[in-house]
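The block underneath contains the structure these notes are about, expressed in structure tokens.
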Amino acid sequence: MIHCTLQSKKAMMDKDQYKAMFCNPNWDYTTLEAADEVISKIGREYLKLKTYPNQIEIVTSEQMLDAYALTGLPTSYPHWKFGKDFVLNQNNYTKGRMGLSYELVINSDPCISYNMENNSTCMMLLVIAHACQGHNAFFANNYMFLDWTSADSIVDYMVFAREFILKCEEEYGEEEVERVLDAAHALSNHGVDKYKKPSKISARQENERLKNLATVKRENYNELWRTLPSPPSIPEHGPAGEEQRFPKEPEENILYFIEKYAPTLPAWKREIIRIVRKVAQYFYPQGATKVMNEGFATFTHYHIINKLFDEGYVNDGFMLEFIKSHSGVLYQPEYNSKYYAGLNPYTLGFNIFMDIKRICQQPTKEDTYWFPNLAGKNWLDQVHYVMENFRDDSFILQYLSPKVIRDMKLFTIVDDENEDTYEIGAIHNERGYRKVREQLSNQYDRSNIVPNIQVTKVDLHKTSKLYLTHYIQKDRRLDHQSAKNTLEHIRYLWGFPVELMSKNKLGINESTFEVA
Amino acid sequence: MSHIIDRRKNDKGKSTGNRQKFLKRVENQIKRAIPDIISQESIKDSSGGGSVKVPVRGLDEPQFRHDPKTGKKQIVKPGNDRFNEGDRVPKPKDGEGSGKGKGSNSPEVTEDDFTVVLSREEFLKYFFDDLALPNMVKKLMESTDSFAMRRAGYTKDSVPSRLNIKSSYQQSLGRQLALKGVFEKKLKVLHQKLESVTATEEKETLLVEIEKVRKQANTIPFFEDIDLRYNNFEQVPVPITSAVMFCIMDVSASMGQHEKDIAKRFFTLLYIFLTRQYKNVELVFIRHHTEAKEVDEEEFFNSRESGGTVVAPSLKLMDKILRERYTEGWNVYCCQASDGDVWSKQDAQECKSIVLETILPAIQYMAYIEISNKSRESDLWQAYSRISNDDEFAIRHIYEPYEIWPVFQGLFRKRSEPAEA
Chain A
1 MIHCTLQSKK
11 AMMDKDQYKA
21 MFCNPNWDYT
31 TLEAADEVIS
41 KIGREYLKLK
51 TYPNQIEIVT
61 SEQMLDAYAL
71 TGLPTSYPHW
81 KFGKDFVLNQ
91 NNYTKGRMGL
101 SYELVINSDP
111 CISYNMENNS
121 TCMMLLVIAH
131 ACQGHNAFFA
141 NNYMFLDWTS
151 ADSIVDYMVF
161 AREFILKCEE
171 EYGEEEVERV
181 LDAAHALSNH
191 GVDKYKKPSK
201 ISARQENERL
211 KNLATVKREN
221 YNELWRTLPS
231 PPSIPEHGPA
241 GEEQRFPKEP
251 EENILYFIEK
261 YAPTLPAWKR
271 EIIRIVRKVA
281 QYFYPQGATK
291 VMNEGFATFT
301 HYHIINKLFD
311 EGYVNDGFML
321 EFIKSHSGVL
331 YQPEYNSKYY
341 AGLNPYTLGF
351 NIFMDIKRIC
361 QQPTKEDTYW
371 FPNLAGKNWL
381 DQVHYVMENF
391 RDDSFILQYL
401 SPKVIRDMKL
411 FTIVDDENED
421 TYEIGAIHNE
431 RGYRKVREQL
441 SNQYDRSNIV
451 PNIQVTKVDL
461 HKTSKLYLTH
471 YIQKDRRLDH
481 QSAKNTLEHI
491 RYLWGFPVEL
501 MSKNKLGINE
511 STFEVA
Chain B
1001 MSHIIDRRKN
1011 DKGKSTGNRQ
1021 KFLKRVENQI
1031 KRAIPDIISQ
1041 ESIKDSSGGG
1051 SVKVPVRGLD
1061 EPQFRHDPKT
1071 GKKQIVKPGN
1081 DRFNEGDRVP
1091 KPKDGEGSGK
1101 GKGSNSPEVT
1111 EDDFTVVLSR
1121 EEFLKYFFDD
1131 LALPNMVKKL
1141 MESTDSFAMR
1151 RAGYTKDSVP
1161 SRLNIKSSYQ
1171 QSLGRQLALK
1181 GVFEKKLKVL
1191 HQKLESVTAT
1201 EEKETLLVEI
1211 EKVRKQANTI
1221 PFFEDIDLRY
1231 NNFEQVPVPI
1241 TSAVMFCIMD
1251 VSASMGQHEK
1261 DIAKRFFTLL
1271 YIFLTRQYKN
1281 VELVFIRHHT
1291 EAKEVDEEEF
1301 FNSRESGGTV
1311 VAPSLKLMDK
1321 ILRERYTEGW
1331 NVYCCQASDG
1341 DVWSKQDAQE
1351 CKSIVLETIL
1361 PAIQYMAYIE
1371 ISNKSRESDL
1381 WQAYSRISND
1391 DEFAIRHIYE
1401 PYEIWPVFQG
1411 LFRKRSEPAE
1421 A
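As they're listed, the protein sequences go chains A and B. Each residue of the first sequence is one higher than the one before, starting from 1 at the first, in the numbering used here. Each residue of the second sequence is one higher than the one before, starting from 1001 at the first, in the numbering used here.
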């Protein structure tokens, strides 16, 4: 008994010490260590989060700008694009047009997060809860990230990519390397296998693979053979007389197709394309889970900080500062406000997650009708299930509740190019819920942003011409200028003429772009 | 389990390399913008260590994307305060924002006012990239009166302070090895002999001999004089990096504010350019109306004077200053600005002969800038045009600010032929 009271007394002491630390706006190393310890504990025990180990880095604003330019990756291959982004951000930042975020976190194991040095203690705690618990857990558990990325090898892979590109620059000249990168970047949205899960390959394996390639080449090197064109990797004619179509099925991963089948592309250019493709693939889940990821991280920090308060780690002043920041993050201007810039993914995601919890705990009649599987269940289990198994479009389609639609007063506008006016398609009423939900889900579907373009044919007979097809959806046609410019890049990589046809749903060709 | 790392002490220049790549990409645009900068902004400011803003365009990274004007789109927005299903809302006219812009989810940033801020060094690099001072090499070759010491291998003989320990030790090691080898060979032979002989007396002498050689072998000196190596230095001529620039300006009544401003810009440009080429640039300001006077910079550009114009005294004054202060080892440049009005033809002739006979032989380069928009050639222009040859003496017309840069560029464009020819 005595022992027990002593321990609880010690805990009390500790708590007071923590409180003193956390409520002092100036932090030091010990504060951060304590914050990380307490917050991890709450995340683990209260929210049952499974995370990667954290690597928390304190950075200055200049370093944050550097991190922005490389989209958070600790290193990347050299390219002017990153320099442009840096200059752009720097301009906006120094002019006060853009603030820097409090943190930046990347999907890696250990999970690296950059925290701004000028955050107050309260902000540091919020950021640690948000990024190092929320995002970290999302990266470590969401199926998109598990299937498409390998968090343990991305940093190594980028080191490899950097070394490889530098070596190429040395050997083949910066300009040539830049051309390949420019061209590959133009197709980075078309470099992801959306349905096939990629195989995991770590940097070391990648290096091994390259070394083998080089050895095989060296061993088989023969001056005579050098003058011959490299054997085409495209399969030869099929059974006599029968025209074989290649590829057999349309290929949506244009970068992969070029890497694999471009007739005259040297090996090092193929490798560069591969690097761009791998990086695009790494970032693909982030684009597809923006709402969920931010929503879940916000949901996490909200619960953790409130728990801190409930357990007496922080005082009222701390909470006031927290609430101010938290509501700032969730600020959603209305459609006619001059600050309106689209739906705030933090708000949308947070609202949906909070509503899942509410439906589990206090379902209304409406909820039991809409979400019979949620009502009355354990909210934490459900939140985990959702966090692990969905991405933005399916998440919204499944869990955007009438209450959230009502709270946010969502409505849809139909913008038809053939009409002089917009039409209000649906509003937050009984008739509109499903429509709004479906529409919003569509809005986060990748095909809404990235045109559906696939490789449909290669002329195997004479010209080696590459045929691409754009499948028109919702009458949305391609922007001419950018399509032309992009096609030029494909022409450069493919090495032979390229043609792109836009086909509507009847299969009728609406417009053709061609680069001879 | 967690690591907390303070990165603030680390380098912040992670993006420098990529920024350079980016600048290279927009190099042409930056160069094209230079005339604008010269004619619009005060050059003084840009040389004062500040930054220069260059608007940049066309950094498009093309990707396949939808034409925002086409198709049937549905957009979900928050905060419905007045609409009901089926309501019709007029579309904004073109120009009021057509889908793109603030209201849309488009992540693109408009690049309309995308500016690059260049540091002073970068600015100067782009500014004067293709330009060179004429006749600079000539003087460098001729004047070799200042020298610098430069490392040039090793020598066997020098002062102790220049002893190079490493190579001396290498020599010593080699010598020791070589000598040891010789002695060991000797010992071997002696030992063989010792085994073969039987007479005790001979044995005695051999043993003494062996002992002697062994002693020698054990006492090879660690350092000998021949081991020592010293750092060698040689004298190399140092190019003269001092230049003096004479700025001569007409401040007579006919030179208005506009003319003076053009002159000032031109002088400033020349000054910045010279500071890039030479470590040490001195300026001499001479202004003249009917009489010439050496003044300081402030007075040169700002104070007002009036009166007629006699040019020759200013050239004489320049010659005098040149001979008094800048006799040996100076690269001398002269830039004269005037509206071309002279009091008399005689004055113009006198100027011509002074320039030809006393000034040009003593200096590197002279430029005469006539700031006027008159179509007829002035007397001074006529006189100078007979002796100008662009190599040592160039004359140019300027009237508008935008003409300054092309003229400047024309004067100092890198010549293909070597200057000493």
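Think of the CB as a built atom: it goes at the ideal place given N, C-alpha and C, for glycine as much as any other residue.
Identification of chain B residues near Asp109/A by a Cβ-Cβ cut-off of 9 Å yields none; the smallest Cβ-Cβ distance measures about 12 Å. From the beta-carbon of Glu1061/B, the residues of chain A found nearer than 8 Å are Lys81, Asp182, His185 and Ala186. In the same chain as Ile1363/B, and ignoring 5 residues on each side of it, the C-beta atoms closer than 7 Å to its own belong to Val1332, Tyr1333 and Cys1334, in chain order. When DSSP states are grouped into helix, strand and coil, Leu1317/B belongs to the helix group. Here Lys1374/B has Gly1340 as same chain residues with Cβ atoms under 8 Å from its own Cβ, once five neighbours each way along the sequence are excluded. Chain-order list of chain B residues neighbouring Ala483/A: Phe1064, by C-beta distance under 7 Å. When Cβ-Cβ separations below 8 Å define contact, Tyr282/A makes no contact with chain B.
Bridge pairing for Phe411/A: Lys1077/B [DSSP]. Here Pro1090/B carries a strand assignment [DSSP, helix/strand/coil]. In chain order, Val1281 place their CB closer than 6 Å to the CB of Thr1275/B, counting only its own chain and leaving out the 5 sequence neighbours on each side. Straight-line measurement puts the Cα of Thr31/A at about 13 Å from the Cα of Val127/A.
Here Leu506/A is exposed. Its C-beta has fewer than 16 other C-beta atoms within 10 Å. In this structure the stretch 75-89 of chain A does not touch the stretch 14-29 of chain A; the number of beta carbon pairs closer than 8 Å is below three. Contact annotation for Ile1004/B against chain A: Tyr29, Leu32, Glu33, Asp36 and Ile56 [CB-CB distance below 7 Å, chain order]. Proximity of the stretch 306-324 of chain A to the stretch 358-377 of chain A falls short of the contact definition, fewer than three beta-carbon pairs being nearer than 8 Å. Annotated three-state conformation of Cys111/A is strand, per DSSP. When rounded, the separation of the alpha-carbon atoms in Cys1351/B and Gly1013/B is 55 Å. By the neighbour-count criterion, in which 16 or more other beta carbons inside 10 Å mark a residue as buried, Val291/A falls on the buried side. Residues Trp379 of the same chain have their beta carbon placed closer than 6 Å to that of Lys357/A, with the five preceding and five following residues left out of the count.
In the DSSP assignment, Gly425/A falls within the beta strand (DSSP E) that extends over Thr421 to Ala426. Val1244/B is bridged by DSSP to Glu1282/B and Val1332/B. Neighbours of Gly425/A in chain B, taken as residues at a C-beta separation under 8 Å, are given in chain order as Gln1074 and Glu1085. In the displayed model, Ile396/A falls within a helix according to three-state DSSP.
Using a Cβ-Cβ distance cut-off of 8 Å, the stretch 1212-1224 of chain B and the stretch 1251-1267 of chain B are not in contact, since fewer than three pairs of beta carbons, one from each stretch, lie closer than that value. Taking a contact as a CB-CB distance under 8 Å, the pair Ser188/A and Val329/A does not count as one, their CB atoms being some 29 Å apart. Secondary structure at Glu117/A: coil, using DSSP grouped into helix, strand and coil.
Here the alpha carbons of Thr1268/B and Asn107/A stand approximately 54 Å from one another.
Look at the stretch 41-76 of chain A and you find these whole runs of alpha helix (DSSP H), each 4 residues long or longer: 61-69. Relative to the Cα of Tyr1271/B, the nearest Cα in the group Glu1259/B, Glu1298/B, Ala1243/B and His1288/B belongs to Ala1243/B.
Per DSSP, the continuous beta strand (DSSP E) segment holding Leu104/A begins and ends at Glu103 to Val105. Comparing C-alpha distances from Gln1349/B to each of Thr1016/B, Ile1371/B, Ser1372/B and Val1311/B shows the shortest one belongs to Val1311/B. For the pair Ala67/A and Val59/A, the CB atoms are nearer than the 8 Å cut-off.
In terms of Cα proximity to Gln1336/B, the closest of Tyr1230/B, Leu1177/B, Ala1367/B and Glu1357/B is Ala1367/B. Listed along chain A, the residues sitting closer than 7 Å to Phe1022/B by beta-carbon distance are Trp80, Gly83, Lys84 and Val87. Residue contact with chain A for Ser1015/B: present (Cβ-Cβ distance below 8 Å to some residue of chain A). Going by C-alpha positions, Glu169/A is about 29 Å away from Trp148/A.
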